[in-house]
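Undergrad: Please read through the structure below; I'll follow up with questions.
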């Protein structure tokens, strides 16, 4: 299986056991001062145990103050950092996995609220997101900053890391020197290609002088969404210069919205970026390209796009990605669905979490489940993500979970969520859940009404109710009109609106339904009570969906509440001034949220003494909240 992917490869003098690279991703699990913690060791150790060939750590600060990106990121600038990094390297090395420390300074992207200092950069040009104007470094400070990277590399080498990666992408400091769109200096550190290259060349030369043949990867942008920014031609030129300066590998990324791929993006869609660099250099190239499945990774290697494949969020979702791929059980890989919940948690300065893997970021907390099931039966009512998660944990603990669901297929509302545009990753996630349930030997009873009487027949020592939620139908005049339906009705094909359609609510379900209707030729009006579309959604995901809706010229009304359904359409209240706004519509689609099926939960509470209500059955939310809740409750479950 996957002969190229599982074959050995080399970076410099270092041999890697396979060609899977876990690229740097922030996890916010280090100590506040950048020290190594038990949690971050457990996180990386799980991916090493899972068979990854090379792990590149999260962005690791080379300086304090303005050099800090995140509140709890690793550090490599003090002698005291060596012991912790050594512990991390030793944990990874137990499994034959190699580890690089990614060295980074955020430059103008630094947060003054976190670091306590004004950001610094090659030029005093505002960061695109924050709008903060950094202080331009002097020539002396540029040289001193280069020495900080060299010192950090020496610390990493002393700690036993196998190499380092210089983060020269994503708008951070080294990238700011390299890019003509961010470097407007006229001294020795700018003004020409060689001037822009000087900073990173000094770093590479310094590392070679201090660390010898220590492997160095450099992460660069192949594209930048900035006027005059780096393009493929410039990236190839930079890569050649880096090779000449002593780099051992090039890790190809970009500085565009494609840095964070929502679920609709295809696997391998960035292959052209790596291919452009690969043609220009003789050293190995690492490609990150939204890889979720080993088939896609193998294809990149077979066609010569790259020498190593970056598998990032897919290993966040399943730390055993490599082992499952190489052992013939790839169907059981927990599939990343591209929801960007992991990144959303980091943006909120919280530890990393994963919607499809509740253990991510909590490896140590869930390391030792109590194996006290003794084969006793536990009923799990509902076969959505929460119910399946609970059943898998209970089975691991030695219980005999019996999974009941009234539908013909496991997956719950995921079997609705997979009906929108580009939602194949949801369907593959469900497939992987079903494969895990089968491999765990969980008994499944489908296609029957689930009643307390049916559950009582198995004599359970406990009951988990994961029956999910149902769409909210607001109690407004006219809502019973035949022209009114729910988003679920549309997604499942029970109703096919035509003509003008008002979609009430712009959460994920509302936007995906609107997208389907727009592509079907309907004239859309999007109505949202809050001040912006996609409340609670990660902005990149909202932008992605709207990029396909906007060309159809929808009417967008934010800050409006549905008051009644009228013969002509709907009447809304504009919340800013209380004015009534009338919208003509041939059909009204409700997507205003879901409500827990409390009557179902109450029936089981009345019939059994040891009942645990989890997921949407307890409180409506995302997949992330449902799986986190179910895993935790099943982990601490005590039979009665």
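In the numbering used here, the protein residues as written are 62 to 701.
We put the beta carbon where it would ideally sit given N, CA and C, even for glycine.
#1: Bridge partners for residue 83 per DSSP, in chain order?
#2: Unbroken alpha helix (DSSP H) runs of length 4 or more, entirely within the segment 532-596: which are they?
#3: I want to know whether the segment 441-452 touches the segment 684-698 - three or more CB-CB distances under 8 Å.
#4: Look at the alpha carbon of residue 178 and the alpha carbon of residue 401, and state the distance between them as a whole number of angstroms.
#5: Taking the beta strand (DSSP E) that residue 682 belongs to, which residues open and close that run?
#6: Applying the criterion that 16 or more other CB atoms from any shown protein chain within 10 Å of the CB defines a buried residue, is residue 288 buried or exposed?
#7: So residue 220 packs on residue 146, CB below 8 Å; how close in whole Å?
#8: Using the C-alpha atoms, what's the distance from residue 484 back to residue 519?
#9: Could you check if residue 155 is buried or exposed, using at least 16 other CB atoms within 10 Å of its CB as the buried criterion?
#10: I'd like the span of the beta strand (DSSP E) that includes residue 347, first residue to last.
#11: What are the start and end residues of each continuous alpha helix (DSSP H) run of 4 or more residues lying completely inside the segment 459-515, in chain order?
#12: Reducing DSSP to helix, strand and coil, say where residue 608 ends up.
#13: When you compare only the Cα positions, how much space is there between residue 457 and residue 494?
#14: Going by beta carbon distance, what residues of the same chain come within less than 8 Å of residue 498, once the five residues before and after it are set aside?
#15: Could you name the residues of the same chain whose beta carbon sits closer than 6 Å to that of residue 243, not counting the 5 residues immediately before and after it, in chain order?
#16: Could you tell me the alpha carbon to alpha carbon distance between residue 316 and residue 577, rounded to whole angstroms?
#17: Quick check: residue 460 and residue 403, are their CB atoms within less than 9 Å of each other?
#18: In this structure, what does DSSP give as the bridge partners for residue 224?
#19: Is the number of C-beta pairs between the segment 602-614 and the segment 628-639 that are closer than 8 Å three or more?
#20: What is the residue span of the beta strand (DSSP E) that residue 410 lies within?
#21: Only counting the same chain, and skipping five residues up and downstream in sequence, which positions put a Cβ closer than 6 Å to that of residue 616?
#22: Round the Cβ separation of residue 136 and residue 122 to the nearest angstrom and send it over; I've been treating them as touching at under 8 Å.
#23: Whole angstroms is fine: what's the gap from residue 610's alpha carbon to residue 650's?
#24: Check whether the segment 78-92 and the segment 124-140 touch, using three or more Cβ-Cβ pairs below 8 Å as the test.
#25: For residue 330, count the other beta carbons within 10 Å of its own beta carbon; 16 or more makes it buried, fewer makes it exposed. Which is it?
#26: Taking the CB atoms as reference points, tell me whether residue 652 and residue 565 lie closer together than 9 Å.
#27: Under three-state DSSP, which class holds residue 102?
#28: Pick out the complete alpha helix (DSSP H) segments inside the segment 352-412, 4 residues or longer, and give them in chain order.
#29: Taking only three categories from DSSP, how would you classify residue 231?
#30: Put residue 614 into one of helix, strand or coil per three-state DSSP.
#31: Helix, strand or coil for residue 701 per DSSP?
#32: Would you check if there are 3 or more beta carbon pairs closer than 8 Å linking the segment 185-196 to the segment 247-265?
TA: According to the structure shown:
#1: Here residue 83 corresponds to residue number 22 of the chain shown, with the count starting at 1. According to DSSP, residue 83 bridges with 116.
#2: Runs found: 548-552 and 569-580.
#3: Under the 8 Å Cβ criterion, the segment 441-452 counts as touching the segment 684-698, having at least three qualifying pairs.
#4: Indexing the chain shown from 1 puts residue 178 at position 117. Indexing the chain shown from 1 puts residue 401 at position 340. Between residue 178 and residue 401, the alpha-carbon positions lie close to 29 Å from each other.
#5: Along the chain shown, read from residue 1 onward, the residue named residue 682 stands at position 621. From DSSP, residue 682 is part of no beta strand (DSSP E); its letter is neither H nor E.
#6: For the purposes of this step, residue 288 is taken as residue 227 along the chain shown, with counting starting at 1. Answer is exposed; the Cβ neighbour count stays below 16.
#7: Translated into the one-based positions of the chain shown, residue 220 becomes position 159. Translated into the one-based positions of the chain shown, residue 146 becomes position 85. Confirmed, Cβ separation roughly 4 Å.
#8: Position 458 of the chain shown holds residue 519. Position 423 of the chain shown holds residue 484. When rounded, the distance between both Cα atoms is 37 Å.
#9: In the chain shown, counting from the first residue as 1, residue 155 sits at position 94. Looking at its Cβ environment, which holds fewer than 16 other Cβ atoms inside 10 Å, residue 155 is exposed.
#10: Residue numbering aside, residue 347 sits at position 286 when the chain shown is read from its first letter. It spans 346-349 - the beta strand (DSSP E) in which residue 347 sits, taken as one unbroken run.
#11: 475-478 and 485-501
#12: If you number the chain shown from 1, residue 608 lands on position 547. Helix.
#13: Counted from its first residue, the chain shown places residue 457 at position 396. Counted from its first residue, the chain shown places residue 494 at position 433. Answer to the nearest angstrom: the Cα atoms are 15 Å apart.
#14: Counting from one through the chain shown, the residue named residue 498 turns up at place 437. Hits under 8 Å: 449, 452, 453, 464, 471 and 505.
#15: What you label residue 243 is simply residue 182 of the chain shown in a count that begins at 1. Here the set comprises 237.
#16: Position 255 of the chain shown holds residue 316. Position 516 of the chain shown holds residue 577. Going by the C-alpha atoms only, they are around 30 Å apart.
#17: If you number the chain shown from 1, residue 460 lands on position 399. If you number the chain shown from 1, residue 403 lands on position 342. Not a contact, by the Cβ cut-off of 9 Å.
#18: Counting from one through the chain shown, the residue named residue 224 turns up at place 163. Residue 224 is bridged to 161.
#19: Touching, no, given that fewer than three Cβ pairs across the two stretches are closer than 8 Å.
#20: Taking the first residue of the chain shown as 1, we reach residue 410 at position 349. Neither: residue 410 is in no beta strand (DSSP E) and is coded neither H nor E.
#21: In the chain shown, the residue the question calls residue 616 occupies position 555. Sequence-distant partners of residue 616 (beyond 5 residues in either direction) whose C-beta falls short of 6 Å from its own C-beta, in its chain, are 586.
#22: For this step, residue 136 is matched to residue 75 along the chain shown. For this step, residue 122 is matched to residue 61 along the chain shown. About 5 Å separates the two Cβ atoms, so the contact holds.
#23: On the chain shown, residue 610 is found 549 positions in, with the first residue counted as 1. On the chain shown, residue 650 is found 589 positions in, with the first residue counted as 1. About 16 Å.
#24: yes
#25: As a first step, residue 330 is located in the chain shown; it is residue number 269 there, counting from the start. With fewer than 16 Cβ atoms within 10 Å of its Cβ, residue 330 is classed as exposed.
#26: The count along the chain shown starts at 1 and reaches residue 652 at position 591. The count along the chain shown starts at 1 and reaches residue 565 at position 504. With respect to residue 565, residue 652 sits close: the two C-beta atoms are nearer than 9 Å.
#27: Sequence index remark: in the chain shown, residue 102 carries index 41 (1-based). Note: residue 102 maps to helix in three-state DSSP.
#28: 355-363, 374-378, 382-387 and 402-408
#29: As a first step, residue 231 must be located in the chain shown, where it is residue number 170. In this structure, residue 231 counts as coil in the three-state DSSP scheme.
#30: Taking the chain shown and counting its residues from 1, the one referred to as residue 614 is at position 553. It is coil, neither helix nor strand.
#31: As a position in the chain shown, residue 701 is number 640, starting the count at 1. Correct three-state label for residue 701: coil.
#32: no
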